[in-house]
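Residue numbers (the working numbering): -10 to 165.
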């Protein structure tokens, strides 16, 4: 079964064509990387798949449905990027507890294990973390959510080399 299917996908912003006639499919239980230079449209494509943007033309299907403003798609996916915001009044441990109530397949054991491994302070606030620590925490949310579709957009922004390597290890260990 294809989780994601794009056929002739095009996205324009005014006179700028960000995506031009893209066609591909991604099956279930796959890790797929998207690479390209800055400004190539990677984030635009991911936001269309996540249902945050509408394609200008072509067809996009996620779980066989149009993802734009689609509750079924939203309930079965998580989009992790460096723009994630959480209520400033919540500590990191409170955010984890909230996520457990929100994500049906939430793995608190994995979240706590990664939380401890990366030495995050449970009483810290997300908005007070360094860029690298925010990325690390966001990555934990993405992995522990156990969604049928997890989209990471530049998940290692700000992480140092060692943490980045550990992130990829955790991702692969979780997948394999």
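For every residue, glycine included, the Cβ atom is placed at its ideal position computed from N, Cα and C.
Problem - Rounded distance between the beta-carbons of residue -3 and residue 12, thought under 8 Å - result: 6 Å
Practice task
With a 10 Å radius around its C-beta and 16 neighbouring C-beta atoms as the bar for buried, classify residue 64 as buried or exposed.
Solution key: exposed
Exercise for the section: Could you check the C-alpha separation between residue 87 and residue 21 for me, to the nearest Å? Expected result: 28 Å
Exercise for the section: Quick one: give me the first and last residue of the alpha helix (DSSP H) that residue 126 is part of. Expected result: 120 to 133
Problem - Nearest residue (CA-CA) to residue 27, options 143, 159 and 154 - result: 143
Exercise for the section: Could you tell me whether the Cβ atoms of residue 100 and residue 133 are closer together than 8 Å? Expected result: yes
Problem - Closest residue to residue 105 among 129, 89 and 117 (Cα-Cα distance) - result: 129
Practice task
Return the residue from the list 102, 1, 146 and 113 that minimises the CA-CA distance to residue 159.
Solution key: 102
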